[in-house]
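So the protein lines, in turn, are chains A and B. Residue 293 is where the first sequence starts when you use this note's numbering, and the numbers rise one by one after that. Residue 293 is where the second sequence starts when you use this note's numbering, and the numbers rise one by one after that. Heads up, the beta-carbon is just placed ideally off N, CA and C, and yes, glycines get one too. As the structure is a computational prediction, the values presented were derived from the model and not from experiment.
Protein chains: 2
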Amino acid sequence: MNCELVSVGTELLTGDTLNTNVMFLSKELSINGFSVLYHTTVGDNPGRLKSVIMRALTRSDLIITTGGLGPTQDDLTKETIAEIFGMEMEQRPEIVAKLKAFFDRRGVEMTENNLRQSYVPKGGIMLPNPRGTAPGIMIEKDGKTVIMLPGPPHEMMGMYEDCVEPILHQLKNQLVISRYYNLSDIGESTVEDTIMDIIDRQDNPTVATYAKLGEVMIRLTANGDDPETINALLDRYEKIIIERFGDHIFTHSQDSLDVTVGKLLMQKGLTVALAESCTGGLVASKLAEIPGISASLKMGLVTYSNEAKMQLLKVRTETLDRYGAVSEQTAREMCEHLKEISGCDITASVTGIAGPGGGSPEKPVGLVYVGVCAKGKTTIKKYLFEGSRKIVQLRTANKVFHLIREAILDKTE
Amino acid sequence: MNCELVSVGTELLTGDTLNTNVMFLSKELSINGFSVLYHTTVGDNPGRLKSVIMRALTRSDLIITTGGLGPTQDDLTKETIAEIFGMEMEQRPEIVAKLKAFFDRRGVEMTENNLRQSYVPKGGIMLPNPRGTAPGIMIEKDGKTVIMLPGPPHEMMGMYEDCVEPILHQLKNQLVISRYYNLSDIGESTVEDTIMDIIDRQDNPTVATYAKLGEVMIRLTANGDDPETINALLDRYEKIIIERFGDHIFTHSQDSLDVTVGKLLMQKGLTVALAESCTGGLVASKLAEIPGISASLKMGLVTYSNEAKMQLLKVRTETLDRYGAVSEQTAREMCEHLKEISGCDITASVTGIAGPGGGSPEKPVGLVYVGVCAKGKTTIKKYLFEGSRKIVQLRTANKVFHLIREAILDKTE
């Protein structure tokens, strides 16, 4: 069933509000087997809203709108859609009663304009909104279904769960299952190249790749009448993906690499300590976002200056003088000394030039050394990243997690 | 000038990616005086993409697309738009050379599909992309302007600043000037209430408030024919804003609080060291994002465990035993001892319970102590934050920056 999302609100067109509603609804619709073919955003302008809705009705079976249901003059969604369908508006006493109760509970006097929310197109179904004042509305007419939801995300999501999801299940009988494979240390174009044969003949399941900084996600999605058939379809493709990408796949969940590594550390009962120069605590803070990580993350040292490297990590003056702070030797001493200081199972170090200043012909901006010390072995890797200071830091952090994962799995050369 | 944004990518329709590009571009276009009337999102489907672009051409003068410029089979934006305008594709040798250099620098072999990115519609203008492989394209034809930008936000935003903003200034003759006031330690509704009289009668300049975590930004935008008239309009309102908000305004730029504090440290030649428990390096890593900060940020200690607090910061066993790791006393010892260890002008400490686990009735999740030591004075503040682990960490970091700023300005009680 083809579906289309229409977001109504001038605040979206002026860039004052980030439209998180479409992502939420798109994901839910996709999971439930609906094909979302378009998102359209239009302001609080009845003429343009009307033309957008009429266009949507020509190409989609299910239209979900968000926004424009509130009490103010510029909230026009239901009036506009009622007009298109030739429906009159009627006041519903039960909504009036709810509105009055809502304001009574808050001890606030209800302004007159709030009563606009008690009107529903005749023949439309009211969807209750326990989290706000504007109810949602569903209209089924001429083979089309239009569902109008309020704009505030928590009201919209609540109404989705309460009312819309059950409606979707009725509209569509087919089952959809997705599986995810998250890869690191490989680029999106290589991933695509490697499974081009599957992508080219895709039908059911469908295959898609998504790139994030330093990670690529493959999504397999199949539909069918029962879980067994769908899973058998997915199994066949999963086998190929695992065969071709092997250890590049760091998780079969949607977890990012840092979360995967954090969970792996906790699961294996391993402790970790970090010594960061140019990432300035980014690696530690990414781990620190994971609930329960205090069991594994014991300490982090942000040694930005040479003095801090010497004072906290006992990096030798000779090493800094001879090879410089950004060198294999310094990265090595940083993680090896941190091992002694912390006693942790795994230690990692970062030293590099994040830029934009500080580069030289021999040591350009983007040059980074990452060291990992585990199981009596030290691995030092040299990278040259491009991009802004922040991108260099993020790419570096990504490599630290990659190397920690390799150390845990004992895959370092 | 009427403008329309077209986002291309199936990952947006499946809800796998949040569309932050349209918010960024909408805001920039609005600031520059363009009316954005529609956003449309369409998948990697040439037929539907074509119909969306053709529709956009009937109602808008400027169309900006994002996405669909990459190397893969489903990247079809420029081919589709070239077809609509009846333009042929031609390979540009300078793009081929850049692509080869890009892959050479990374020491990765370029797969054949990357060459697709070297084709540009004949007569189109190539917009360079120093942050990625896919260049942007501008086409001006039949009184319409179409600008195609890559989908990855950092590439898109970089290209916007380098190429698109200058193009917008040429397209539009009227002058628009915006001024920004960034406030901390005050809520958005209070800000709005305080200047409701201005907001209510706004015309030229317009006034808008934007809330971020722990910060509120006020934007004043005026338009006119010459800078003098516009600045006179802005001056009148600026005076009111400064009078009413005083020291809550931490900057007249768009800089966030962390960047403002980092710049203030560098500007005043002050050194800083950080001791972080529950924020796990977040404060240090936020500072580390600022170019040149190595002059001020000397060291950071992530002391997650009690052992690390004792070993690295010499927090006394008695203090931890008697008051606990999350206490005013521990926060005090952390920043005072760090002062001795680092010799920095300012030291700050954080200890708290970010959650979701680890809370108790006496010390609930969200309880945080922040300490700042400067000019021979130690200030400890206690906070109780609500929200997820990440939100508690972000709010805490915000308060650290707020207190460091107060210490620099000598405003601590």
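- Here B/A426 is buried. Its C-beta has 16 or more other C-beta atoms within 10 Å.
- One finds S577, A580 and E581 in chain A with Cβ atoms closer than 9 Å to the Cβ of B/Q685, taken in chain order.
- Along the stretch 420-471 of chain A, the beta strand (DSSP E) occurs as fully enclosed runs of 3 or more residues at 428-433 and 436-441, listed in sequence order.
- According to the DSSP assignment, A/T486 belongs to no beta strand (DSSP E) but to the alpha helix (DSSP H) extending over E480 to T486.
- For B/V400, the number of other beta carbons within 10 angstroms of its own is below 16, and it is reported as exposed.
- Three or more beta-carbon pairs separated by less than 8 Å link the stretch 304-315 of chain B to the stretch 299-316 of chain A, which places the two stretches in contact.
- A/P413 carries a strand assignment under DSSP once its states are collapsed to helix, strand and coil.
- Taking 8 Å as the Cβ-Cβ cut-off, the stretch 389-414 of chain A has no residue approaching chain B.
- For the 8 Å CB-CB criterion, B/T671 and B/V660 do not form a contact.
- Annotation for B/Q685: T571, L574 and A646 place their beta carbon closer than 6 Å to its own, counting only its chain and skipping 5 residues before and after.
- Among the bridge pairs identified by DSSP, B/A514 is matched with B/I469.
- At a cut-off of 8 Å between C-beta atoms, B/N311 counts as an interface residue with respect to chain A.
- Assigned with DSSP and collapsed to three states, A/F677 falls in coil, not helix or strand.
- Separation of B/N474 and B/H694 (C-alpha to C-alpha, rounded to the nearest whole angstrom) is 12 Å.
- A/S327: member of the beta strand (DSSP E) spanning S327 to V334, first to last residue.
- Close partners of B/F537 in chain A (Cβ separation under 9 Å) are lacking, with about 20 Å as the shortest Cβ gap.
- By the neighbour-count criterion, in which a residue is buried when 16 or more other Cβ atoms sit within 10 angstroms of its Cβ, B/Q409 is buried.
- Of all residues in the stretch 603-615 of chain A, the ones placed with a Cβ closer than 7 Å to any Cβ belonging to chain B are L604, in chain order.
- Excluding residues up to 5 positions away in sequence, K342, I345, M346 and L349 lie with their Cβ nearer than 8 Å to the Cβ of B/I376 in the same chain.
- In the DSSP assignment, A/M591 falls within the beta strand (DSSP E) that extends over L589 to T595.
- By the neighbour-count definition (other C-beta atoms within 10 Å, threshold 16), B/S597 is a buried residue.
- Segment contact: the stretch 326-336 of chain B against the stretch 442-457 of chain A, fewer than three CB-CB distances shorter than 8 Å; contact not assigned.
- Judged by their CB atoms, A/T486 and A/R528 are not nearer to each other than the 8 Å cut-off.
- Distances from the CA of B/D366 to each of B/A374, B/G335, B/A623 and B/L526 were compared; the closest alpha carbon is that of B/G335.
- As the crow flies, the alpha-carbon of A/G649 is around 37 Å from that of B/T437.
- As the crow flies, the alpha-carbon of B/I429 is around 5 Å from that of B/I417.
- B/L297 is bridged by DSSP to B/H331 and B/I356.
- By the Cβ test, the stretch 594-608 of chain B is in contact with the stretch 623-639 of chain B, since at least three Cβ pairs between them sit closer than 8 Å.
- Secondary structure note for B/E530: it is in no beta strand (DSSP E), and the uninterrupted alpha helix (DSSP H) holding it is P519 to F537.
- For B/Y330, the residues of chain A that pass the 9 Å Cβ criterion are L305, T332, T333, V334, G335, R340 and V344, in the order they occur in the chain.
- When Cβ-Cβ separations below 8 Å define contact, B/L460 makes no contact with chain A.
- Looking only at A/N311, A/V564, A/E698 and A/V468, the smallest Cα-Cα distance to A/D539 is reached by A/E698.
- Within chain B, no residue has its beta carbon less than 8 Å from that of A/D637; the closest one is some 14 Å off.
- Note on geometry: alpha-carbon atoms of B/E432 and B/E320 lie some 21 Å from one another.
- Where B/V551 is concerned, there is no enclosing beta strand (DSSP E), although the alpha helix (DSSP H) around it starts and stops at L549 to Q559.
- In terms of Cα proximity to B/I387, the closest of B/I373, B/P363 and B/T372 is B/P363.
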